[in-house]
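Chains as they are written, first to last, in numbering that gives the first Met the number 0: chain A, 0 to 578; chain B, 0 to 578.
There are 2 protein chains.
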Amino acid sequence: MDDLKAFRQWRSSTPGHPENFETPGVEVTTGPLGQGFANAVGLALAEKHLAARFNKTDLKIVDHYTYVILGDGCQMEGISNEAASLAGHWGLGKLIAFYDDNHISIDGSTDIAFTEDVLARYEALGWHTIWVKNGNTGYADIRAAIKEAKGVIDKPTLIKVTTTIGFGSPNKANTYSVHGSALGSKEVEATRSNLGWFHEPFHVPDEVKRHWSYHIDEGASLEAEWNAKFAEYEKKYHQEAAALKSIISGELPSGWDNVLPTYTPESSPDATRNLSQQCLNTLATVIPGFLGGSADLATSNMTLLKMFGDFQRDTPEERNIRFGVREHGMGAISNGIAVHSPGLIPYCATFFVFTDYMRAAIRLSALSESGVIFVMTHDSIGLGEDGPTHQPVEHLFSLRAMPNILMLRPADGNETSGAYRIAILNRKRPSILALSRQKLPQLKGTSVDAVSKGGYTISDNSSGNKPDLILIGTGSELQIAEKAADELRKEGRTVRVVSLVCWELFEEQPEEYKESVFPNEVTSRISIEAGVTFGWEKYVGQKGKAIGIDHFGSSAPAGKIYKELGLTVESVIAAAKDL
Amino acid sequence: MDDLKAFRQWRSSTPGHPENFETPGVEVTTGPLGQGFANAVGLALAEKHLAARFNKTDLKIVDHYTYVILGDGCQMEGISNEAASLAGHWGLGKLIAFYDDNHISIDGSTDIAFTEDVLARYEALGWHTIWVKNGNTGYADIRAAIKEAKGVIDKPTLIKVTTTIGFGSPNKANTYSVHGSALGSKEVEATRSNLGWFHEPFHVPDEVKRHWSYHIDEGASLEAEWNAKFAEYEKKYHQEAAALKSIISGELPSGWDNVLPTYTPESSPDATRNLSQQCLNTLATVIPGFLGGSADLATSNMTLLKMFGDFQRDTPEERNIRFGVREHGMGAISNGIAVHSPGLIPYCATFFVFTDYMRAAIRLSALSESGVIFVMTHDSIGLGEDGPTHQPVEHLFSLRAMPNILMLRPADGNETSGAYRIAILNRKRPSILALSRQKLPQLKGTSVDAVSKGGYTISDNSSGNKPDLILIGTGSELQIAEKAADELRKEGRTVRVVSLVCWELFEEQPEEYKESVFPNEVTSRISIEAGVTFGWEKYVGQKGKAIGIDHFGSSAPAGKIYKELGLTVESVIAAAKDL
């Protein structure tokens, strides 16, 4: 009750929008429109997947509905159409959505911007639809609609419930002024009187309390029932029970990270997107809740799990999810999968530049502590011919700036394995992996474990922590730094090369470690990264130099662009001589 | 022909995706799916608006169709549903969209992720629909469909044209392998033979050349006809012709910026979102092509033009555009309006945090040099109760990192007017204005003109360009810097306060000017901004301190959050004493 009284106040459990990390019982963080609905599609997907994998003819161990309420605003957002199209395609029959059709949004009547036929659109998307015309008091109709929805098992159901916003308020009902503002004491009085509600503020009559409390016992008995059922399941289906337990608890099988491949400088050069595929495919063999897919770029992102088929309407036990070209929906659906069970670890993929399409979902992943793994390939101008619309330039920084997320840019095979190790371990902090389209050499000095420090020295010919020069690289440019260092060392310089694979993790290291990588007194520092130089001041300082690209890219073969834009060994050497 | 031979090569006019700034005749930059379709809705909106404003019963001076081709990928993207819903709502009868239904996307058959009934969805969105079943060779059917579409004047038309991708290629047609890869010489041979095309590569037979050249004369004669008509229009409707000329040429009326309001420290404190409304409303009186709106937050963003009504199906001459909750569509539609005519200056608005929903459109605005004005209010934790989902933290940086865009964060009335002046003047570089929800004082030392320098001193009690300390603020935190400076000055320190309203413009100033604001030898520098500190190293250096928020916000009244998170005068003073 104190929390209710502290609505929208500092550190209360009743913030302005529901937050899963603030309030027990809140399953997802919503507020930005359409996200919660897409989360629900992810929750329903998770249920359908787990049910198909774990239920037995004699024991239905996974069996629940997913309910979601959405408003006019949610319906207008593109993300909800993306998610609804997928829900229809997948036939998520246990997803039941209530559309609160109150025909009012913040700018007033929806007539001014939203006159489409929503139910017809959902039917076109493969949904079953029902219209409850009196949502204010038509309880029997609502109950009947739910019953009907439960009877339709091959399609999700949208129940349009026509309501009056601010129902009961004599002067403000059916206006936008009840959306986000308090009624005010006078109108509260008028509303109480109108509804015949004469109790003190914040008083819950015993009758109401009793009615709600009934669900406490009901819930406890359902839980006991399920526990008994699971005990039986465990006896009969030992292996499946162990996997399901791991999914429910989030406990990783011991030694899981031993499967991650390691490399030596003699290993073949390869694109980090291919090396990523190795990781995905090995991880899927040991982590029972590992699943995911791409927004129609599986063969470019290299994200197919080869031992599994596609999660589809009739094969929901499979683990390759085909999101279609729906990045935003994909992100939010993945968030929903992640919060369904701690041991479900979803990954989702597109070109790195298209994080722009799904940025709101990525932010909610970070805010709501959903440990989704964002596999983002084609991470620079190195993708070549597709040109500037497809070439990320500012994206590394724009995502390094986001709180509670790890932006990882591995340089080769060891770092890619290290990045996945970090991503899997961070269950309350999503990870973004920026991966190359182009082949990269396996470097000497990189390691799986060192990625956990975010930044580390891969080569150094100095002693006493005082090199003449520090070269810093990430991802596909680390090899350029290393080659430039080789040249400069031939000329007698002492040069350290640092891989700054994850800035966030590096910043979390103790000062002493940071000083061992970037000694304060060494101010000759050069960074090279195929993106904006903005932000690199942090590590190169005011006396150093950042080599990068502070404008949009261009359509041409990758090698040509690197050369024309000066991302070369020669540029680094020239800069070193200039410092 | 040389350009065709240089397909996807460095600096050719035939890059991997069409770019309006590279290739004459290309009207919009596309590639990221769904954007071009939403641009087309903007182009059609512009036509409908200008036709309604300028056509006379005897002289139809604005009268053209907008054609757009979109594929399966575009249809899956949420942005296209947003744009289609608006096009249907507005009744854009002269918009004709061809949906290339080739049922293949990059991951193969669309059956794996896209099984909705597209035509039924468009009908639900208020479109007229036509299906051409043989799009490979059914030219007569396509012509008939266009004719039918032109006959439907109250609805946009979607023509679904079922085709075979790679039609004619005997071994690769109807597969994703013809999407982005060259056929290869063997398959090119097979295709030529299959289609009976036996000319040399890059040879255009005279007959074909003649057929296409026909349009040169046709176009010239249409242009001459229009010029004659316009000459007549100018004589009869002098005033309208002047306005239309300004819209077509992009030439601003002389003295247009005199209408921007100015303020003194005695003027009332106000939220910059309200001050922005003053600017929008004065600019609309002098700039004939100024129009725009909000994504269902007009009364929060303060973006209504009071002298105009709503652009709607039956009142297209009006200038307030109601986008509904469709940020992504809004951005891309605005890009379309901007490229329709140089003198159309669209603004669009939402909460600053929701730039995340429209980031892909903002990036295309920057890349395609569409001078859209993005009016982004509620620009920090200062929005208060709505909580972390609505509180931007990383957004200033994530947008400062984007090339070719101006990120402006004005501190008061003068700077808000200055920001609009810059936004209007930059027709090939979009502007984002971050504006406060909360009231801010009118500061001494700010000015409309100084905004053009991006950063400038607003107060200083030092001499000889050597203050003891430089305090840097932006937007709503500039007042905190100023108050802290006052306190520190009382203690005998010399303190300079700098407003860094637009980093991009400041970076473009001559070194000499930059040195006059941030003298190299003054290393005691403190910044304060209600956002991530990441990136501030650029100006505060390694010896300075950045005060900000490196985590998500919280739901509470604004004053409380500022205090709890340490964005206070006391924090600045404490930091100054610590340096």
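Beta carbons: idealized from backbone N, C-alpha and C, even for Gly. What you are looking at is a predicted structure, and each value in this text was computed from that prediction instead of being measured.
Exercise. Alpha carbon to alpha carbon, what distance is there between A:S458 and A:K465?
Worked result: 13 Å
For this session: List the residues of chain B that A:D309 touches, going by C-beta distances under 8 Å, in chain order.
Result: I111
Exercise. Cα separation between A:Q238 and A:S245?
Worked result: 11 Å
For this session: Kindly say whether A:S253, judged by its beta-carbon, lies nearer than 8 Å to any beta-carbon of chain B.
Result: no
Exercise. From which residue to which residue does the beta strand (DSSP E) around A:Y66 run?
Worked result: 65 to 70
Exercise. A:I258 bridges to which residues according to DSSP?
Worked result: A quick correction: the sequence has Val, not Ile, at residue 258 of chain A. Answer by DSSP bridge pairing: none, since A:V258 is not bridged.
Exercise. What is the DSSP secondary structure of B:V539, counted as helix, strand or coil?
Worked result: helix
Problem set entry | Rounded Cβ spacing between A:R408 and B:R358 (contact assumed at less than 8 Å) | That pair is no contact at about 20 Å.
For this session: Check whether the Cβ of A:T114 lies closer than 8 Å to any Cβ atom in chain B.
Result: yes
Problem set entry | Exposure label - B:I215; buried when at least 16 CB within 10 Å | exposed
For this session: Flag this pair as touching only if the region 38 to 47 of chain A and the region 334 to 347 of chain A have three or more C-beta atom pairs under 8 Å; answer yes or no.
Result: yes
Problem set entry | Neighbourhood of B:L477 by C-beta, 6 Å cutoff - its chain only, sequence neighbours within 5 removed | A410, S498
Exercise. How many Å lie between B:M406 and B:V392 at the Cα?
Worked result: 14 Å
For this session: Pull up the distance between the alpha-carbon of B:G530 and that of B:S104, whole angstroms please.
Result: 40 Å
Exercise. B:L91 CB to nearest chain A CB: under 8 Å?
Worked result: no
For this session: Note down, in chain order, every chain B residue with its Cβ under 8 Å from the Cβ of A:R321.
Result: D106, I111, A112
Problem set entry | Cβ-based neighbour list, A:G15, same chain, cut-off 7 Å, excluding 5 preceding and 5 following | R7
Exercise. Just checking, does the region 76 to 95 of chain B make contact with the region 119 to 129 of chain B on the three C-beta pairs under 8 Å criterion?
Worked result: yes
Problem set entry | Residues within the region 365 to 395 of chain B neighbouring chain A, beta-carbon criterion of under 7 Å | L366, E384, D385, G386, P387, T388, H389, V392, E393
Problem set entry | 8 Å Cβ cut-off: residues of chain B touching A:Q508 | Simply none; closest approach about 16 Å.
For this session: At 9 Å on the CB atoms, spell out the chain A contacts of B:N403, in chain order.
Result: H550, F551
Exercise. Which residues in the same chain as A:Y262 place their Cβ atom closer than 6 Å to its Cβ, once the five residues preceding and following it in sequence are excluded?
Worked result: G412, N413, Q441
For this session: Check whether the Cβ atoms of A:L582 and A:I431 lie closer than 8 Å to each other.
Result: Residue 582 of chain A falls outside the range modelled here, since chain A spans only 0 to 578, and no answer is possible.
Problem set entry | Chain-order list of residues whose beta-carbon lies under 6 Å from that of A:F97 (same chain, five-residue window excluded) | I68, I158, V160
Problem set entry | Spatial neighbours of A:S523 in its chain, beta-carbon cut-off 8 Å, leaving aside the 5 residues before and after | D467, L468, I469, K542, G543, A575, L578
Exercise. If you follow the beta strand (DSSP E) that B:D549 is part of, which residue opens it and which one closes it?
Worked result: No beta strand (DSSP E) holds B:D549; DSSP gives it neither H nor E.
Exercise. What residues in its chain sit with their C-beta under 7 Å from that of B:R52, if we drop five residues either side in the sequence?
Worked result: E316
Exercise. Which of helix, strand or coil does DSSP assign to B:T161?
Worked result: strand
For this session: Note down, in chain order, each residue of its chain lying with its Cβ closer than 7 Å to the Cβ of A:M0, except the 5 sequence neighbours on either side.
Result: F201
Exercise. Taking one C-beta from the region 420 to 440 of chain B and one from the region 483 to 495 of chain B each time, how about it: are there three or more such pairs within less than 8 Å?
Worked result: no
For this session: Would you identify the three-state DSSP class for A:G328, choosing helix, strand or coil?
Result: helix
Problem set entry | Inter-residue spacing [alpha-carbon to alpha-carbon] between A:D99 and A:C73 | 10 Å
Problem set entry | Nearest-angstrom Cβ-Cβ length linking B:K171 and B:E186, presumed shorter than 8 Å | 6 Å
Exercise. Chain B partners of A:N464, CB-CB under 9 Å?
Worked result: Going along chain B, no residue has its Cβ under 9 Å from A:N464, so there is no contact; the nearest lies around 18 Å.
Problem set entry | Where B:K234 falls: helix, strand or coil (DSSP) | helix
For this session: Enumerate, from N- to C-terminal direction, the unbroken alpha helix (DSSP H) stretches of 4 or more residues contained entirely within the region 479 to 537 of chain A.
Result: 502 to 506, 510 to 516
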